Amino acid sequence: MKRLIQTVCIVFCLVTLNLPQLMAAEKTDKRPNIIFILLDNVGKDWFRCYGSEENQTPNIDHLAYTGLRFRNCYVTPVCSTTRHMLLTGRYPFRSGWHTHHDPAIYGGGYFDWNREICFARILRDAGYNTCISGKWQINDLFDPAQKDALIKHGFQEYCIFPEGKKGHPAHKQRYWDPYVIQNGKRLDTTGKFGPDIFTD
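So, in structure tokens, the structure goes:
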């Protein structure tokens with residue numbers, strides 16, 4: 368079960384943590400570190416901190432009890448639309464983002480940094496160090512016009528599974544020998560299991 372939870376948890380983590388900078392900061396700087404975790408296909412009933420009696424989730428529980436956790440949050444049952452909503456704070460009827468990732472990959476629109484303000488950009492501009500890991504499919508990172516989308520959205524570092532069109536090596540390649548991009552470069556993942564890259 369621990370392996371299953373780890374595999375699920377790699378989907379989308381936003382981590383803003385920089386120990387050297389925190390150690391050098393004045394004691395009056397009380398800004399919290401922020402770890403934002405977004406999971407696909409998981410109900411809150413999977414975690415002890417939300418009442419599960421079946422699963423052992425001590426690390427997530429510790430984060431929840433010593434930090435802040437959502438008690439009431441509305442999103443859609445579609446992963447890309449949910450990501451867009453949580454990253455921008457906007458409802459789909461306002462942003463026009465109603466469907467799965469296909470619009471970003473097949474030319475029907477994308478997560479536009481000129482039109483939408485991503486919370487990572489707000490955090491970066493406020494002095495936080497921002498990083499994202501996991502799945503990213505709301506921009507076509509193989510389109511030259513969008514290849515720097517993560518930086519433009521405010522993520523200073525990233526390690527992600529991109530989505531590619533059918534026939535592209537990145538299309539659905541997330542498990543064995545996954546297609547992973549870290550800070551603009553494809554990693555050599557030969558013989559590696561995708562979720563382990565993000566959880567080890």
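Take any residue in the sequence shown, count from 1 to its spot, add 367: that is its number in the working numbering.
Ideal placement from N, C-alpha and C gives every residue a C-beta, glycine not left out.
Because the structure is a prediction, the values reported are computed rather than measured.
Other residues of its chain near residue i: CB distance less than 8 Å, five sequence neighbours each side excluded
{"i": "Y458", "result": "M452"}
{"i": "V547", "result": "C526, I527, F528, R553, L554, T556, G561, I564"}
{"i": "Y432", "result": "C416"}
{"i": "L517", "result": "I499, W503, N506, L508, Y525, I527"}
{"i": "D489", "result": "According to the sequence as given, residue 489 is Ile; it is not Asp. Cβ within range, chain order: G521."}
{"i": "D428", "result": "F414, R415, C416"}
{"i": "Q388", "result": "At Q388 the pLDDT is 47, less than 50, meaning the model places this residue with poor confidence; the figure from the coordinates comes in the next sentence. Answer for Q388: N496, listed in chain order."}
{"i": "P536", "result": "Y546"}
Enclosing alpha helix (DSSP H) for residue i [first to last residue]
{"i": "I499", "result": "First-last for I499: 498-502, but that is the beta strand (DSSP E), not the alpha helix (DSSP H)."}
{"i": "L517", "result": "516-519"}
{"i": "I505", "result": "Run containing I505: none; DSSP gives neither H nor E here."}
{"i": "F565", "result": "561-566"}
Inter-residue Cα distance where the pair is residue i and residue j
{"i": "F560", "j": "Q540", "result": "10 Å"}
{"i": "F486", "j": "S447", "result": "16 Å"}
{"i": "D407", "j": "G501", "result": "11 Å"}
{"i": "R482", "j": "D515", "result": "15 Å"}
{"i": "W480", "j": "F522", "result": "12 Å"}
{"i": "N550", "j": "F528", "result": "12 Å"}
{"i": "G494", "j": "N400", "result": "12 Å"}
{"i": "V442", "j": "T566", "result": "26 Å"}
{"i": "E421", "j": "I402", "result": "25 Å"}
{"i": "S419", "j": "R436", "result": "15 Å"}
{"i": "K532", "j": "Y542", "result": "17 Å"}
{"i": "N607", "j": "Q513", "result": "Because the chain spans 368 through 567 in this model, residue 607 falls outside it and cannot be assessed."}
{"i": "T449", "j": "H538", "result": "20 Å"}
{"i": "K397", "j": "G534", "result": "49 Å"}
{"i": "R456", "j": "F414", "result": "In the sequence as presented, Arg is not what sits at residue 456; that position holds Gly. Those two C-alpha atoms are separated by around 24 Å."}
{"i": "F460", "j": "T424", "result": "35 Å"}
{"i": "H465", "j": "D510", "result": "21 Å"}
{"i": "K411", "j": "N426", "result": "15 Å"}
{"i": "A392", "j": "L430", "result": "Only weak support exists for where A392 lies, its pLDDT of 48 falling under 50; the value from the coordinates is given anyway. Distance between the alpha carbons of A392 and L430: 23 Å."}
{"i": "I484", "j": "S462", "result": "11 Å"}
{"i": "H409", "j": "F478", "result": "One detail in the question is off: residue 409 reads as Val in this sequence, not His. About 24 Å."}
{"i": "V638", "j": "N439", "result": "As shown, the chain starts at 368 and ends at 567. That puts residue 638 outside it, with no answer to give."}
Nonlocal neighbours in the same chain, by C-beta distance under 7 Å from residue i, ignoring five residues either side
{"i": "T557", "result": "D544"}
{"i": "K519", "result": "W480"}
{"i": "R491", "result": "T497, G521, Q523"}
Run of the beta strand (DSSP E) containing residue i, from where it starts to where it stops
{"i": "E524", "result": "524-528"}
Chain-order list of residues whose beta-carbon lies under 6 Å from that of residue i (same chain, five-residue window excluded)
{"i": "G434", "result": "none"}
Complete runs of the alpha helix (DSSP H) confined to the segment 402-487 [at least 4 residues]
425-433, 446-455, 459-462, 469-472
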